[in-house]
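Visitor: This is the structure I have questions about; it appears just below.
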Amino acid sequence: MARDLLGCLLVRRIPGEQATAGTIVEVEAYRGPRDLACHTARGRRTARNEVMYGPPGRAYVYFTYGMHHCFNVVTRGEGIPEAVLVRAIVPVIGVARMRERRELDPSAADFRLARGPGNLCRALAIDRSLNGVDLARSALTIHAGQSLPAAEVGRSARIGVAYAGPYAAKPWRFYVRGEPAVSVPR
DNA sequence: GACCGGATTGGC
DNA sequence: CCAATCCGGTCC
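Under this note's numbering, think of the first position of the first sequence as 220, with each following residue one higher.
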């Protein structure tokens with residue numbers, strides 16, 4: 220599911236504003252109770268991660284480090300709490316609006332607008348008000364894109380999960396090779 | 001109710 | 001390397 224999300228278009232709509240959107244180029248799979256890096260590790264079930272236990276195709280948005288949001292796609296649900304973290308998109312629609320939200324130096328390249336999960340959420344104005352929304356019909360939607368040749372997909376360990384013991388090294392991060400919008404290790 | 005640390009980011 | 005900044009998970 221994580222691999223399949225690469226190449227899809229993530230669209231953010233706000234009434235009275237131009238839409239903003241981009242192509243997904245970096246994701247990570249979080250594989251439920253057995254995965255010590257997952258918010259549902261060891262069957263944890265709390266108000267924060269509750270939507271991971273619900274139906275698939277919804278947004279799981281959480282707030283972290285006191286200042287950043289992260290956006291996930293719930294992939295299994297109904298008792299199987301797994302999700303895919305979306306870490307980067309290539310800005311495609313409403314690029315100027317995304318730039319306004321980021322307040323970056325005007326000389327910064329477009330590929331920096333939504334590189335990294337926190338930056339992506341800022342660029343698309345994603346916050347906890349979108350936690351639980353249906354990604355097929357809501358202010359945040361995902362649309363099929365062109366499929367990627369396997370040769371263009373890179374894999375690595377996930378970012379920022381060094382605490383997860385044996386699961387820290389699992390190669391469950393997927394990204395588009397050579398794409399500058401992908402966060403650090405490309 | 002206290003305490004600890006985070007699926008990050010950007011600056012030094 | 002480290003500060004920013006606040007919420008949630010955990011334990012008492």
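Glycine residues also receive a C-beta, built at the ideal position from the N, C-alpha and C atoms.
Quick check: what's the CA-CA separation for Ala248 versus Ala315?
Guide: About 30 angstroms.
Visitor: Evaluate Val403 with the Cβ neighbour count: other Cβ atoms within 10 Å of its Cβ, from every protein chain shown; 16 or more gives buried, anything less gives exposed.
Guide: The residue in question, Val403, is exposed, as its Cβ has fewer than 16 Cβ neighbours within 10 Å.
Visitor: Skipping 5 residues on each side, what residues in its chain have a beta carbon closer than 6 angstroms to that of Val380?
Guide: Hits under 6 angstroms: Ala256 and Ala387.
Visitor: Comparing C-alpha positions only, which one of Ala344, Pro274 and Thr242 sits nearest to Val302?
Guide: Reading off the sequence, residue 302 comes out as Ala, not Val. Answer by Cα proximity: Pro274.
Visitor: Could you please give me the residues that DSSP links to Ile361 through a beta bridge?
Guide: DSSP output for Ile361 lists Leu229 as bridge partner(s).
Visitor: Would you call the CB atoms of Arg263 and Ala307 closer than 8 angstroms?
Guide: Cβ distance not < 8 angstroms, so Arg263 and Ala307 don't count as in contact.
Visitor: According to DSSP, is Asn291 part of a helix, a strand, or is it coil?
Guide: In the structure shown, Asn291 sits in a strand (DSSP, three-state: E or B).
Visitor: Provide the residue span of the alpha helix (DSSP H) that contains Val314, from first to last.
Guide: Run containing Val314: Val314 to Arg321, per the alpha helix (DSSP H) assignment.
Visitor: Does Ala302 come out as helix, strand or coil in the three-state DSSP assignment?
Guide: Looking at Ala302 - three-state DSSP - the assignment turns out to be strand.
Visitor: Throw me the rounded Cβ distance for the Leu225 and Val401 pair, which I believe falls under 8 angstroms.
Guide: Not quite, the Cβ-Cβ distance comes to about 10 angstroms (not below 8 angstroms), so this is no contact.
Visitor: Verify whether the separation of the beta carbon atoms of Val246 and Ala278 is less than 8 angstroms.
Guide: For Val246 and Ala278, no; Cβs fall outside 8 angstroms.
Visitor: Is there contact here, the region 345-365 with the region 277-294, by at least three beta-carbon pairs under 8 angstroms?
Guide: Yes, they touch.
Visitor: If distances are taken between C-alpha atoms only, which option among Gly276, Phe290, Pro310 and Val244 comes closest to Glu297?
Guide: Nearest C-alpha to Glu297: Gly276.
Visitor: Taking the C-alpha atoms as reference points, what is the distance between Gly313 and Arg267?
Guide: Their backbone Cα atoms lie some 30 angstroms apart in a straight line.
Visitor: From Gln365 to Cys227, what distance separates their C-alpha atoms?
Guide: So the alpha carbons of these two residues sit roughly 7 angstroms apart.
Visitor: What does DSSP give as the partner residues of Phe393 in its beta bridges?
Guide: Paired residue(s): Val246 and Arg374.
Visitor: Is the Cβ-Cβ distance between Gly397 and Val311 less than 8 angstroms?
Guide: Not in contact: Gly397 and Val311 (Cβ atoms no closer than 8 angstroms).
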